Structure formats: C-alpha cells, structure tokens
Amino acid sequence: MNYKIALIRGDGIGPEVVGEAVKVMDAVGQKFGHTFEYVDVLMGGCAIDAVGCSYPEGTAEKCRACDAVLLGAVGGPKWGHSTEAEKRPETALLSIRKDLGLYANLRPAALRPALADACPLKKETAEKGIDLMMVRELTGGIYFGKKNRCQTEDRGEEASDLLAYSELEIERIGRRAFELARLRRKKVSSVDKANVLESSRLWRQVMHRLKEEYPDVDYEDVLVDNAAMQLVRDPGQFDVVVTENMFGDILSDEASMITGSIGLLPSASIGDSAPGLYEPIHGSAPDIAGQDKANPIATILSVAMMFRYSFRLPREAEAIEKAVDAVLAEGWRTADIAKEGETAAGTRKMGALIRERI
Ligand code: IPM
Ligand code: MG
Numbered sequence: 000m001n002y003k004i005a006l007i008r009g010d011g012i013g014p015e016v017v018g019e020a021v022k023v024m025d026a027v028g029q030k031f032g033h034t035f036e037y038v039d040v041l042m043g044g045c046a047i048d049a050v051g052c053s054y055p056e057g058t059a060e061k062c063r064a065c066d067a068v069l070l071g072a073v074g075g076p077k078w079g080h081s082t083e084a085e086k087r088p089e090t091a092l093l094s095i096r097k098d099l100g101l102y103a104n105l106r107p108a109a110l111r112p113a114l115a116d117a118c119p120l121k122k123e124t125a126e127k128g129i130d131l132m133m134v135r136e137l138t139g140g141i142y143f144g145k146k147n148r149c150q151t152e153d154r155g156e157e158a159s160d161l162l163a164y165s166e167l168e169i170e171r172i173g174r175r176a177f178e179l180a181r182l183r184r185k186k187v188s189s190v191d192k193a194n195v196l197e198s199s200r201l202w203r204q205v206m207h208r209l210k211e212e213y214p215d216v217d218y219e220d221v222l223v224d225n226a227a228m229q230l231v232r233d234p235g236q237f238d239v240v241v242t243e244n245m246f247g248d249i250l251s252d253e254a255s256m257i258t259g260s261i262g263l264l265p266s267a268s269i270g271d272s273a274p275g276l277y278e279p280i281h282g283s284a285p286d287i288a289g290q291d292k293a294n295p296i297a298t299i300l301s302v303a304m305m306f307r308y309s310f311r312l313p314r315e316a317e318a319i320e321k322a323v324d325a326v327l328a329e330g331w332r333t334a335d336i337a338k339e340g341e342t343a344a345g346t347r348k349m350g351a352l353i354r355e356r357i
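Heads up: the sequence shown is residues 0 to 357, going by numbering that gives the first Met the number 0.
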C-alpha cells in the first residue's frame with residue numbers, strides 16, 4: 000500500500016524528532032512492503048515567523064488530503080502568549096483538532112519493562128506495573144465553550160469560559176473508551192466531577208446508559224480529585240480512563256510523569272474518519288532544540304500508533320514497539336532517561352538503533 004502522510008514538523012525539537020520518526024517509517028515500509036509519500040505542512044510558531052499566523056489558510060485541507068498527520072511539537076517562549084489568537088501557536092493546535100474532528104485523544108501511559116526503575120513511585124507500586132490508556136475528549140468542553148470578558152461596575156474586569164457538553168459528544172467518546180477496553184483488560188474508569196458540575200452529571204448519565212451495552216466491560220465512576228490521587232497511589236488499578244477535555248489534559252500529564260519519562264509517550268487524536276493526528280506528548284523543548292539531544296522515542300511510538308489506528312496494521316506497529324523495547328533493554332538511553340554517569344545517545348543515534356532492529 001502507498002500512504003500519504005502530512006508532516007507538521009513544528010518548533011523546537013519537533014523537526015529533529017519527526018526526522019527520525021520518518022526514517023523509522025521508511026524502514027518499516029521497506030520491511031513490510033509499503034511506501035510513504037510525505038507532505039510538509041507549516042503550522043505553529045514557525046508559521047508565525049514565516050507567514051504571520053500559526054494556522055495558515057489551507058492547513059486543514061492539506062491534512063485532509065492525507066491518510067494521517069504526524070506532528071512534532073509546536074510553541075515555545077519565543078511566541079509567548081500573544082493577545083492575538085492567530086499569533087499563538089496553541090491556537091493552531093486547537094484549530095486543527097476541531098477542523099479535523101479529532102474528538103478522541105488516546106494517551107497511553109505504560110511503564111516500559113526496561114525502565115521500571117525510572118518510575119518515581121514506590122518500588123512496590125512500580126512492580127505491579129502501569130499500563131493505562133487515557134482517553135481524553137478533545138474537541139469540546141471548556142476549551143471550546145463561549146469565552147467572555149466584561150467590565151463589572153464594582154469588581155473590576157470579569158472573565159468566563161463555558162464548560163458545555165452534549166449527549167452526542169459524550170456518547171461518541173464513551174463508545175471509543177468501551178471499544179478500546181474490549182481490546183485491553185476490559186475496564187473503564189470514567190472520571191468526572193458529578194458532585195459539583197452539571198456537565199459532569201450529564202456525562203455520568205450518558206456513561207451509565209452506555210455501560211449497559213458493554214456488559215463484558217467493568218465500569219466505575221471516579222471523581223477527578225480522587226482520580227488524581229489514585230494515579231500516584233495505585234496506577235495499576237486503571238486500564239482505560241475516559242474523561243472530558245480539561246480533566247484529561249491535567250491527568251494525562253500526571254499519568255505521563257509516573258512512567259518515568261515524558262520523552263517516551265506517544266499519542267493519537269482520532270475522529271470518525273481519516274486522517275488521525277499522531278504526536279508525542281512532550282512539548283517543543285526549545286532549550287535543547289537543534290543539539291541532537293532530544294529523545295525521538297515518543298514520536299517513533301506515535302508512528303506505531305498511526306500504523307495501528309489509522310492504517311490498521313498491528314504487525315507493523317508491534318515491530319516498532321518491539322524495536323524500541325529491544326534498544327532500551329540493551330541499555331541505550333537518551334539524555335532525559337540516562338542515569339548519572341551513563342553516556343547518552345543523541346537523537347540521531349537513538350533513531351538509527353531503532354531502525355536497525357526493524
Ligand atoms: C496538550 C497541551 C495542549 C492542550 C495545549 C498546548 C493547548 O497541553 O496537548 O495536552 O491543553 O490540549
Ligand atoms: Mg497538556
């Protein structure tokens with residue numbers, strides 16, 4: 000098969016890690032008989048520099064003409080938090096999610112066997128293993144609700160962000176979670192704040208209706224504050240965790256931290272029709288950009304997710320995951336995961352090692 004892939008290399012370390020991921024993709028193509036055609040798409044801070052806005056006209060169309068999108072990272076202190084939306088790199092990220100209808104964000108947090116000692120939790124906790132999938136709603140809630148600012152008479156300025164969810168939005172993300180759980184350990188933990196928020200009460204009502212359709216899957220409701228605590232107390236209890244946009248933003252950072260390195264974690268953002276968008280969880284790390292220091296593994300594992308979820312090629316996905324595990328098992332480390340005294344492999348070296356094992 001021939002696949003067309005949009006590359007949003009982006010800012011900071013983005014171009015370096017995407018560069019390595021592309022070479023890994025080509026190695027997989029050679030081994031399994033696929034070819035890839037790449038289309039560069041300009042977005043983020045680099046687009047502000049080049050054309051004056053972070054999300055140039057036609058970005059979504061260019062991506063829609065491809066089978067999948069691979070994104071490195073966008074943003075950095077250079078572009079700050081401009082008051083003009085089109086001059087903020089984050090605006091591009093939110094716009095592409097919305098425009099491509101990528102309502103389901105899958106963020107697996109797994110402790111890789113070779114790195115069990117990188118887990119910052121108690122040894123007994125780490126030994127139980129961590130292998131959870133955070134399913135975050137990505138195109139609704141407070142991120143996209145009506146925003147307002149007004150001047151009050153006696154309390155200065157006032158600002159508000161509306162947190163709204165419809166049954167349709169909750170049901171489609173809920174289904175994704177149950178379907179994924181069926182392919183894993185068959186447990187769904189739905190995170191909400193139903194003791195306070197009306198949007199969460201609707202969330203829970205829809206989830207309860209859905210769970211009747213999936214009697215083979217264990218289901219529980221977890222309040223978000225408790226979920227934050229359970230993630231550090233006993234993360235092994237979780238399989239699929241499904242939640243709304245902002246809770247998912249916060250909890251997925253927490254989940255990534257307990258696995259030892261954010262430099263290892265991939266993500267997939269998918270909707271009902273192609274193309275899905277795949278990106279590492281980490282940011283653009285401008286402090287180490289261009290120095291061959293970044294860990295390319297999260298982006299390489301994002302390509303594995305692309306094979307699995309967009310192209311339905313699980314063998315190819317596993318080949319990448321196994322190659323990563325093999326390289327780590329041999330003791331190779333990038334700077335972010337190397338212990339004191341260990342010599343670290345650079346971005347290019349790590350990419351080459353993984354390629355060799357494919
Ligand atoms: C993420 C990021 C984004 C988000 C920011 C950069 C807009 O934190 O992908 O988790 O909040 O969704
Ligand atoms: Mg985040």
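For each residue, glycine too, the CB sits at the ideal point set by N, CA and C.
Computed from a predicted structure; not experimentally measured.
(message) Please return the same chain residues whose Cβ sits closer than 7 Å to the Cβ of Ala117, not counting the five positions on each side in sequence.
(response) Excluding positions up to five away in sequence, the list reads Gly259, Ser260 and Ile336.
(request) Give the C-beta separation of Leu196 and Leu162 to the nearest angstrom, bearing in mind that I take them to be a contact with Cβ-Cβ under 8 Å. (result) Contact flag correct, Cβ pair sits at about 7 Å.
(request) Whole angstroms is fine: what's the gap from Leu312's alpha carbon to Phe306's? (result) If you draw a straight line from the Cα of Leu312 to the Cα of Phe306, it is about 5 Å long.
(message) By the three-class DSSP mapping on this structure, what secondary structure does Thr242 have?
(response) Correct three-state label for Thr242: strand.
(message) I want to check one thing, is the minimum distance from the CB of Asp248 to the heavy atoms of the ligand MG below 7 Å?
(response) Yes, since a heavy atom of the ligand MG falls inside the 7 Å radius drawn around the Cβ of Asp248.
(request) Measure the C-alpha to C-alpha separation of Ala325 and Ser199 and round it to an integer number of angstroms. (result) Cα to Cα, Ala325 sits roughly 42 Å from Ser199.
(message) I need the straight-line Cα distance from Arg101 to Ala91, nearest angstrom please.
(response) Per the sequence shown, the amino acid found at residue 101 is Leu instead of Arg. Put simply, the backbone Cα of Leu101 is about 14 Å away from that of Ala91.
(request) Would you check if the distance between the CB atom of Asp66 and the CB atom of Lys3 is smaller than 8 Å? (result) Cβ atoms of Asp66 and Lys3: closer than 8 Å.
(request) Note down the Cα distance separating Arg154 from Asp160, rounded to an integer number of angstroms. (result) If I take the Cα positions, the gap works out to 18 Å.
(message) Rounded to the nearest angstrom, what separates Val323 and Glu355 at their Cα positions?
(response) In this structure, the CA atom of Val323 is about 10 Å from the CA atom of Glu355.
(request) Rounded to whole angstroms, what's the CA-CA distance from Gly262 to Thr342? Just pull it up for me. (result) Gly262 and Thr342 have their alpha carbons spaced roughly 17 Å apart.
(message) Any contact between the stretch 140-155 and the stretch 240-247? By contact I mean 3 or more CB pairs, one from each, below 8 Å.
(response) Remark: three or more beta-carbon pairs, one from each stretch, lie closer than 8 Å, so the stretch 140-155 and the stretch 240-247 are flagged as touching.
(message) For the structure I just gave you, are there three or more beta carbon pairs, one from the stretch 36-53 and one from the stretch 67-84, closer than 8 Å?
(response) In short, these stretches touch, since the Cβ pair count reaches three.
(request) Please determine, among Ala254, Ser283, Gly270 and Trp331, the residue with the shortest C-alpha to C-alpha distance to Ala125. (result) Of Ala254, Ser283, Gly270 and Trp331, the residue nearest in Cα terms is Ala254.
(request) Work out the CA separation of Lys210 and Tyr363 for me, nearest whole Å. (result) No information on residue 363 is available, as it lies outside the stretch 0 to 357 that the chain covers here.
(request) Might you give, ordered along the chain, the residues of its own chain that have their beta carbon closer than 6 Å to the beta carbon of Pro88, omitting 5 neighbours on each side? (result) Cβ within range, chain order: Gly43, Gly44, Ser53, Val73, Gly74 and Trp78.
(message) Given this structure, state the Cα-to-Cα distance separating Leu300 from Ser165, to the nearest angstrom.
(response) Rounded to whole angstroms, Leu300 to Ser165 spans 33 Å at the Cα level.
(request) Name the one or two DSSP bridge partners that Ala344 has. (result) Answer is Thr333, bridged to Ala344.
(request) Determine the burial state of Arg181: buried for a count of at least 16 other Cβ atoms within 10 Å of its Cβ, exposed for fewer. (result) Exposed is the label assigned to Arg181, since fewer than 16 other Cβ atoms lie within 10 Å of its Cβ.
(request) Please name the residue, chosen from Ser309, Glu317, Thr346 and Asp233, that lies closest to Ala288 on a Cα-to-Cα basis. (result) Measuring from the Cα of Ala288, the nearest candidate turns out to be Thr346.
(message) Does the CB of Cys62 have a neighbour CB from chain B at under 8 Å?
(response) Among the chains of the structure shown, chain B does not appear; only one protein chain is present.
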